[in-house]
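Protein chains in written order, with UniProt numbering: chain A, 1 to 281; chain B, 1 to 281. The C-beta atom is built at its ideal place from N, Cα and C for all residues, glycine as well. Take a look at the structure below.
2 protein chains.
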Amino acid sequence: MTSRQTCGRRTIAGRSATRPAALLLLLVCRTRTLKRSGFEQVFIPLNDDKPRKRVKRGQRRALIIEGARRIFAQQGLSASTRDIAAELGVTQALLYKYFESKDALIEAILAQEPDVVTLPARETLEDTSRSLEDRLTEVSTAILNGYDEERLRLSLFAGLAGIRAPFFFGPVQLRSELLEPIIAALRLDCGLEPLSSRPLCAAEFDLAMVLYGKLVCVAMRDLVYRIQTAQDRTKAMDQLARVWCTGARPEICAIHESWDAQEPVTREALHAKRERLARTA
Amino acid sequence: MTSRQTCGRRTIAGRSATRPAALLLLLVCRTRTLKRSGFEQVFIPLNDDKPRKRVKRGQRRALIIEGARRIFAQQGLSASTRDIAAELGVTQALLYKYFESKDALIEAILAQEPDVVTLPARETLEDTSRSLEDRLTEVSTAILNGYDEERLRLSLFAGLAGIRAPFFFGPVQLRSELLEPIIAALRLDCGLEPLSSRPLCAAEFDLAMVLYGKLVCVAMRDLVYRIQTAQDRTKAMDQLARVWCTGARPEICAIHESWDAQEPVTREALHAKRERLARTA
């Protein structure tokens, strides 16, 4: 909030523009939908008694990212820079001063998304003092709570716009930060060899993805489509972990009994995240 | 294809317009992106030796729906009617002759989506001569094959645009056409009471949704994000059905052992599909 408080009409709309001039600029931008836009949030009016401060370059960049993120999440990545500039109440020229293209703006937005799951997943899953079901329920709930509507919408729109690897999960390695810890915990639970001696195979990758895929689906139904689980969320998460564990235990034992027939994880599944990371690096 | 063959430049672009006049109309529409548009597909040039035929009103309406569906699926529902008219190479006025608003056009598109699952789900699931795993694999595969990219993208964009109940599943009752048949088959498999004496409860609804949610996720990853399952699709579907069945059997037995404590399916889950059907009826 402090970064916003130093941000006045004058400084955002143009370096030396007075208020009427800034308003004129807005008209030039053909701003159509100021009411439902981020206008109010970027233009925090300054208290007239206080001296006006210039917004620092870094702050202004952050404000543009924040506002554009909101607009992209609302309207999709097809929103034009003209519309974004208009809705943020800045000139398109100013926007291009900070981001050389719309793609650059999108990349900057995606690059600053937090990693939901660096929080508890690995540590929680390694805590063998609790049942596997309990640990998976906790991790699943943490992942679901890590989503917010804007983030999920943004990630869906990104996928639909062909930005290949989505960040449902945050820009961390889905495999190393979630799937492998889940399978490591399941193997230990079943008395099977650790990942250090037998690396993750394709069947295990998909097995862990069954659980994760369902989480994504619950989050989508809840935050995008506004359809809740039929039971309380807590009961549904308990059930999900329980059903998955009961099904996954004999499955992983069968996988390891026929280990020599198992395939390694394919390139596609492996490098999906890596590709996007490389793009936004 | 036959409906397209009778459709020439003249008849689509304006009743009595000659080719140059039609081109002028296009310019007026400020068509910017003809190359990547449905232009070529709506404007099948007539063989000049053959007499030109007028497109019938119904055919023209169908062509507009088909073209607009493609554009919405590509760009999202935020695509404007101006852009759609331009990309289809018709005037906006013509578009409004057939659809009084963009909403009406979208509703017409959604209303004509086929029901993926009216095909084999119920009959397949009732065939007790095969294992439950086999039947679920077949139904799951049929659902996945029922999706195409355009349909899935359209349904995601519809959800993101706030058209509440999506049609991942086709505009059929998800509950009556899939979830209840799945639970009926599972109950029979476990020797539990049929739905006729004990209607579906919330915990069973969510249990069936675990399976369906995962299917949606596989379809999304495949068709939107271009990420395949790590194993072959066939093996992944087998695994999904197997893991679900193994987990779901003890789960549903436990649900029925504590039947008096079970909740009915909540309004939200129940009426989601119904609401959208009412909207597009």
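- At least one C-beta of chain B is nearer than 8 Å to the C-beta of G247/A.
- Residues of the segment 219-232 of chain A that bring their beta carbon within less than 7 Å of a beta carbon in chain B comprise V224, Y225, R226, I227, Q228, T229, A230, Q231, in sequence order.
- Taking C-alpha positions only, A85/A is separated from L156/A by approximately 23 Å.
- Boundaries cannot be given for Y225/B, as no alpha helix (DSSP H) includes it and DSSP labels it neither H nor E.
- Separation of G67/B and T81/B (C-alpha to C-alpha, rounded to the nearest whole angstrom) is 12 Å.
- Look at the segment 178-211 of chain A: the residues with a C-beta under 7 Å from a C-beta of chain B are A202, A203, F205, D206, L207, V210.
- Taking a beta-carbon distance threshold of 8 Å, L240/B counts as an interface residue toward chain A.
- R226/A and E204/A have their C-alpha atoms roughly 32 Å apart.
- Interface with chain B (8 Å Cβ-Cβ cutoff): F72/A is excluded.
- Around the beta carbon of R221/B, a 10 Å sphere encloses 16 or more other beta carbons of the protein chains shown; the residue is thus reported as buried.
- In this structure, DSSP gives P264/B an extended state, which the three-state scheme calls strand.
- In the assembly as shown, A208/A is a buried residue. Its beta-carbon has 16 or more other beta-carbons within 10 Å.
- Non-local beta-carbon contacts of R61/B in its own chain, meaning distances under 7 Å to residues more than five positions away in sequence, involve Y98 in chain order.
- Under the three-state reduction of DSSP, C190/A is assigned to coil, being neither helix nor strand.
- Contact of G146/A with chain B is not assigned, every C-beta pair being separated by 8 Å or more.
- For C201/A, the pairing in a beta bridge is given by DSSP as P264/A.
- Separation of Q74/B and L77/A (C-alpha to C-alpha, rounded to the nearest whole angstrom) is 12 Å.
- The three-state secondary structure of E251/A, taken from DSSP, is helix.
- Going by DSSP, G146/B is part of the alpha helix (DSSP H) stretching over 132-146.
- Here Q239/A is buried. Its C-beta has 16 or more other C-beta atoms within 10 Å.
- Taking C-beta atoms under 8 Å as the contact rule, C190/A and R249/A qualify, at a distance of about 6 Å.
- Close CB contacts of E138/A within its chain, under the 6 Å cut and outside five residues either way in sequence, are with T124 (chain order).
- Looking from the CA of A230/B, the closest CA among I255/B, R69/B, V218/B belongs to V218/B.
- Take the alpha-carbon of A121/B and the one of P114/B: they are about 15 Å apart.
- Along the UniProt domain "HTH tetR-type" (58-117) of chain B, the positions whose C-beta sits under 8 Å from a C-beta of chain A are Q75, G76, S78, A79, read in chain order.
- Selection T91/A, G162/A, D127/A, E133/A evaluated against I106/A yields G162/A as nearest (Cα-Cα).
- Here E180/A is buried: its Cβ has 16 or more other Cβ atoms, across all protein chains shown, within 10 Å.
- Using a Cβ-Cβ cut-off of 8 Å, V243/B counts as an interface residue toward chain A, since at least one Cβ of chain A sits closer than that to its own.
- Between L215/B and L144/B, the gap from beta carbon to beta carbon is short of 8 Å.
- Taking C-alpha positions only, I109/A is separated from L223/A by approximately 20 Å.
- Counting only Cβ-Cβ distances below 7 Å, E263/B has contacts in chain A at Q231, in chain order.
- Contacts with chain A (Cβ-Cβ distance below 8 Å) from the segment 148-160 of chain B involve R153, L156, F157, G159, L160, listed in chain order.
- Per DSSP, reduced to three states, the secondary structure at E123/B is helical.
- Using a 10 angstroms sphere on the CB of K56/A, the tally of other CB atoms stays under 16, which defines it as exposed.
- Distance from T246/A to T246/B at the Cβ level is roughly 6 Å; contact confirmed, criterion being Cβ atoms closer than 8 Å.
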